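Let me begin by presenting the structure, written as structure tokens, before commenting on it.
2 protein chains.
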Amino acid sequence: MTELEIKVPASPVTGCKIKIGTNILGSLWKEIDSDYGKLSKFIVTDENLVSAGHLAKLTSSRDVPHFIISPAGEISKNINTVISIIEAMEKAYLGRDTIIIALGGGTVGDIAGFAAAVFKRGVPVIQIPTTTVAQADSSVGGKTGVDSSLSKNAFGAFWHPVRVYIDVAALASLDERQYRAGLVESVKHAIIADSEYFLFLENNLDSILKRKPDVLKKTAYRNCRVKGSVVEEDPHEKNKRRILNYGHTIGHAVEAASGYELLHGEAVSIGIIAAGLIEQEMGLAEHERLDRIRKILKKLGTPIQLPKNITENEIIDLMKRDKKAVNKWPKFVLISNIGEVYTKDGQYAVEVKPEIVKKILKEMKKD
Amino acid sequence: MTELEIKVPASPVTGCKIKIGTNILGSLWKEIDSDYGKLSKFIVTDENLVSAGHLAKLTSSRDVPHFIISPAGEISKNINTVISIIEAMEKAYLGRDTIIIALGGGTVGDIAGFAAAVFKRGVPVIQIPTTTVAQADSSVGGKTGVDSSLSKNAFGAFWHPVRVYIDVAALASLDERQYRAGLVESVKHAIIADSEYFLFLENNLDSILKRKPDVLKKTAYRNCRVKGSVVEEDPHEKNKRRILNYGHTIGHAVEAASGYELLHGEAVSIGIIAAGLIEQEMGLAEHERLDRIRKILKKLGTPIQLPKNITENEIIDLMKRDKKAVNKWPKFVLISNIGEVYTKDGQYAVEVKPEIVKKILKEMKKD
Numbered sequence: 000m001t002e003l004e005i006k007v008p009a010s011p012v013t014g015c016k017i018k019i020g021t022n023i024l025g026s027l028w029k030e031i032d033s034d035y036g037k038l039s040k041f042i043v044t045d046e047n048l049v050s051a052g053h054l055a056k057l058t059s060s061r062d063v064p065h066f067i068i069s070p071a072g073e074i075s076k077n078i079n080t081v082i083s084i085i086e087a088m089e090k091a092y093l094g095r096d097t098i099i100i101a102l103g104g105g106t107v108g109d110i111a112g113f114a115a116a117v118f119k120r121g122v123p124v125i126q127i128p129t130t131t132v133a134q135a136d137s138s139v140g141g142k143t144g145v146d147s148s149l150s151k152n153a154f155g156a157f158w159h160p161v162r163v164y165i166d167v168a169a170l171a172s173l174d175e176r177q178y179r180a181g182l183v184e185s186v187k188h189a190i191i192a193d194s195e196y197f198l199f200l201e202n203n204l205d206s207i208l209k210r211k212p213d214v215l216k217k218t219a220y221r222n223c224r225v226k227g228s229v230v231e232e233d234p235h236e237k238n239k240r241r242i243l244n245y246g247h248t249i250g251h252a253v254e255a256a257s258g259y260e261l262l263h264g265e266a267v268s269i270g271i272i273a274a275g276l277i278e279q280e281m282g283l284a285e286h287e288r289l290d291r292i293r294k295i296l297k298k299l300g301t302p303i304q305l306p307k308n309i310t311e312n313e314i315i316d317l318m319k320r321d322k323k324a325v326n327k328w329p330k331f332v333l334i335s336n337i338g339e340v341y342t343k344d345g346q347y348a349v350e351v352k353p354e355i356v357k358k359i360l361k362e363m364k365k366d
Numbered sequence: 000m001t002e003l004e005i006k007v008p009a010s011p012v013t014g015c016k017i018k019i020g021t022n023i024l025g026s027l028w029k030e031i032d033s034d035y036g037k038l039s040k041f042i043v044t045d046e047n048l049v050s051a052g053h054l055a056k057l058t059s060s061r062d063v064p065h066f067i068i069s070p071a072g073e074i075s076k077n078i079n080t081v082i083s084i085i086e087a088m089e090k091a092y093l094g095r096d097t098i099i100i101a102l103g104g105g106t107v108g109d110i111a112g113f114a115a116a117v118f119k120r121g122v123p124v125i126q127i128p129t130t131t132v133a134q135a136d137s138s139v140g141g142k143t144g145v146d147s148s149l150s151k152n153a154f155g156a157f158w159h160p161v162r163v164y165i166d167v168a169a170l171a172s173l174d175e176r177q178y179r180a181g182l183v184e185s186v187k188h189a190i191i192a193d194s195e196y197f198l199f200l201e202n203n204l205d206s207i208l209k210r211k212p213d214v215l216k217k218t219a220y221r222n223c224r225v226k227g228s229v230v231e232e233d234p235h236e237k238n239k240r241r242i243l244n245y246g247h248t249i250g251h252a253v254e255a256a257s258g259y260e261l262l263h264g265e266a267v268s269i270g271i272i273a274a275g276l277i278e279q280e281m282g283l284a285e286h287e288r289l290d291r292i293r294k295i296l297k298k299l300g301t302p303i304q305l306p307k308n309i310t311e312n313e314i315i316d317l318m319k320r321d322k323k324a325v326n327k328w329p330k331f332v333l334i335s336n337i338g339e340v341y342t343k344d345g346q347y348a349v350e351v352k353p354e355i356v357k358k359i360l361k362e363m364k365k366d
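Okay, structure coming up:
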């Protein structure tokens, strides 16, 4: 055989600017237009954001082509919604010189980010997250995806936003349960990477729960710093990025076992406690550490025990089908200290025997 | 506003190995399995390839999970086929540790390449092109895409194959019209980048048309070298990659005006002559050069005049809607010599006044 090889060049290092403020939504358009004046704009948002007046605030009631996801929420996070968005863009005569602006929570960001990744081989996207979970987590890092009729995130791409605008004032109208569940990702960030941030959360949780803008801006900044530095180091989740999965291995299984009755953050809250118990079981932690974590989650009001109607076996079964499972059993992210992930042979996701998981799950059923 | 910036790291330089041979299809599986033993395999092909026995030859009748596109051809190049492929992969319990193998012509490569780009945020793909157009052009370079119900390639991604295997023996069963039309992209490669290759084509066209393996291997090699070097320099078509569009600006419009009765290569054949006439009109070429090009296309038997039932105005109208048009008029790739693209101010796509295009289109209607 004759052979030749083509070198696919490295992409250039690009930047994602994150801007954080209070009540900035109304002034963003001017900035976006000055930065991306040559591009056509297309907004993707959902019906809740429209009701809350956020779309009108962003556009100052200008007539900008847009797509409103309806119904809002996970139920619309599927490939059919993406098809509808692409067709709406074509009907608006938009081409490759378009920038998509995603205004909303994690679902909107995932859908709009994926649409941007695939529209005519990719157009840039700006993320304007409006929920605690999207501001802390999903808007940064480039993961996008939607569900097929068979499974979650069957379709997806890594597609980094060119800008992320975080307006903490948008959180004011967020439903209390959503608000609190979203904060679990902030707690997770502190646990895996920033002990000072953990102390900050312990000291300021009351103000955060009262949604005081100044403390929310600080929280957003610290979240983006943690998430950003992890993503910079390992954008495609070959190793270190897995640490963001702390509390998620059991968390995802609990979420699915609840039939998605539990919010993602609520399930992760349970998963974080489970990870802490595993650490104790493996001799990686003192009781005092887990008590601090438990205390903060208790104050958040997210669950820290297994719901009565979910059995250990259900969770074990679901874990075997985890998308990151190798030989039908997933690896775990654990910490050695608050702010410091445990590694073994340079790996951030480590083995934990099923028996240990079963044991701690049993413990988590007790009152 | 508080600001921070995340640097999205450069992707590493990666390689795409291209291997060219005769009757290699039956021995590829061993090589793929040795290079990618840890990954599950999933084959995407179409019903024509199955009938021709190519699928069985590739797998040695092993039971490999696969998807057969049916009906074969452009009509299946749409997002619904991609959804069916992804769901078939899920039903086969395939995860991220999967490699997709695309066996077929340009359509199969486009569909399977796009499915690989979006399945669970992207899995690697191997291209095994089996037509003249796919072997010369579409299998190399990473452009993938499928149509929406409204327009061509509305969904797409740049997704480079990790391997391209070119078996020139697969061309033996190709329909004569398809075979000849696909060779137009080879002529294009010679015109834009390699005057020696052009000479080679002039001297060897008889053997190529007789599908003699040795000369076909040389042709494949030269095509991949031209395409590969252009793609290496400009993978995302910011400037130089546009030269691959030679003959395509008018070609695409002619193809659409014919209601896709003309094959892509046939329309590009007309487009190449049109580009040559524009070059003459702009004082960039002698008659002798266009005569050489005309002679080679005549021998190929692809059209070099505008079909009677297509008017100049139809073409002009379609050109205004070209996806690369800026202010409703596309730019042109022209050559200054065979093997050398004309540039103006460092740009490979240059302005040509609509009047010139109208004039030469009129000329192309005459007998």
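These protein sequence lines are chains A and B, in that order.
Just so you know, we're using numbering that gives the first Met the number 0 here: the first sequence kicks off at 0 and counts up by one.
Just so you know, we're using numbering that gives the first Met the number 0 here: the second sequence kicks off at 0 and counts up by one.
By construction, the Cβ of each residue, glycine as well, lies at the ideal position given by its N, Cα and C atoms.
The model shown is predicted, which means the values in this text are computed figures rather than measured ones.
Residues bridged to residue i [DSSP beta-bridge criterion]
i	result
Asp45 (chain B)	B:Ile68
Val7 (chain B)	A:Thr13
Arg162 (chain B)	B:Lys16, B:Ile125
Ala348 (chain B)	For Ala348 (chain B), which the question treats as bridged, DSSP gives no partner whatsoever.
Asn77 (chain B)	B:Asp146
Ser39 (chain B)	B:Thr97
Close-in-space but distant-in-sequence residues of the same chain around residue i (CB under 7 Å, 5 per side omitted)
i	result
Leu38 (chain B)	Asp96, Thr97, Ile98
Ala153 (chain A)	Asp146, Ser147
Tyr347 (chain A)	Asn238, Lys239, Arg241, Ile242, Val332, Val340
Ile23 (chain B)	Tyr164, Asp166
Gly72 (chain A)	Thr106
Ala116 (chain B)	Thr143, Ala156, Trp158
Arg210 (chain A)	Leu170, Ala171
Reduced DSSP category for residue i - H, G, I as helix; E, B as strand; rest coil
i	result
Gly270 (chain A)	helix
Asn244 (chain B)	helix
Tyr341 (chain A)	coil
Ser335 (chain B)	strand
Ile100 (chain A)	strand
Val167 (chain B)	helix
Glu236 (chain A)	coil
Interface partners of residue i on chain B, CB under 8 Å
i	result
Val267 (chain A)	By Cβ distance, chain B contributes nothing, its closest Cβ being about 20 Å from Val267 (chain A), past 8 Å.
Leu156 (chain A)	The sequence given here has Ala at residue 156 (chain A), not Leu. Those within 8 Å of Ala156 (chain A) in chain B are Ala116, Val117, Arg120, Gly121, Ala156.
Tyr347 (chain A)	Near Tyr347 (chain A) there are no residues of chain B at all, since even the closest Cβ is about 17 Å away, more than 8 Å.
Gly20 (chain A)	Met0, Thr1
Tyr220 (chain A)	Thr1, Leu3
Cut-off 6 Å between Cβ atoms - residues of its own chain near residue i, not counting five sequence neighbours on either side
i	result
Tyr178 (chain B)	Thr131
Gly250 (chain B)	Ala266, Val267, Gly270
Gly300 (chain A)	Arg179
Val351 (chain B)	Ile277, Phe331
Leu262 (chain A)	Ala180
Contacts that residue i makes with chain B (C-beta to C-beta distance below 7 Å)
i	result
Ile23 (chain A)	Met0
Partners in chain A for residue i, counting only beta-carbon separations shorter than 9 Å
i	result
Pro234 (chain B)	Val7, Pro8, Ser10
Asn152 (chain B)	Lys119, Arg120
Gly227 (chain B)	Leu3, Glu4, Ile5, Lys6
C-beta atoms of residue i and residue j nearer than 8 Å
i	j	result
Ile165 (chain B)	Pro128 (chain B)	yes
Phe113 (chain B)	Val81 (chain B)	yes
Ala135 (chain A)	Gly181 (chain A)	yes
Ser185 (chain A)	Asn222 (chain A)	yes
Arg120 (chain A)	Gly144 (chain B)	yes
Val43 (chain B)	Val107 (chain B)	yes
His53 (chain A)	Ala169 (chain A)	yes
Ser137 (chain A)	Asp109 (chain A)	yes
Ile67 (chain B)	Ile125 (chain B)	no
Proximal chain A residues relative to residue i, where beta-carbon distance stays under 8 Å
i	result
Lys389 (chain B)	Lying before the first or after the last residue shown, residue 389 (chain B) is absent from chain B, which here runs from 0 to 366.
Ser147 (chain B)	Ile82, Ile85, Glu86, Glu89
Lys322 (chain B)	Gly94, Arg95, Lys119
Thr129 (chain B)	Those do not exist, as Thr129 (chain B) stays about 16 Å from chain A at its closest Cβ, beyond 8 Å.
Residues that residue i contacts on chain B, provided the C-beta gap is smaller than 9 Å
i	result
Lys16 (chain A)	Glu2, Leu3, Glu4, Ile5
Val139 (chain A)	Ile5
Cross-chain neighbours of residue i in chain A, by beta carbon under 7 Å
i	result
Arg224 (chain B)	Leu3
Glu231 (chain B)	Ile5, Lys6, Pro8
Sequence-distant residues of the same chain with beta carbon closer than 8 Å to residue i, five excluded per side
i	result
Trp28 (chain B)	Leu57, Thr58, Ser59, Arg61
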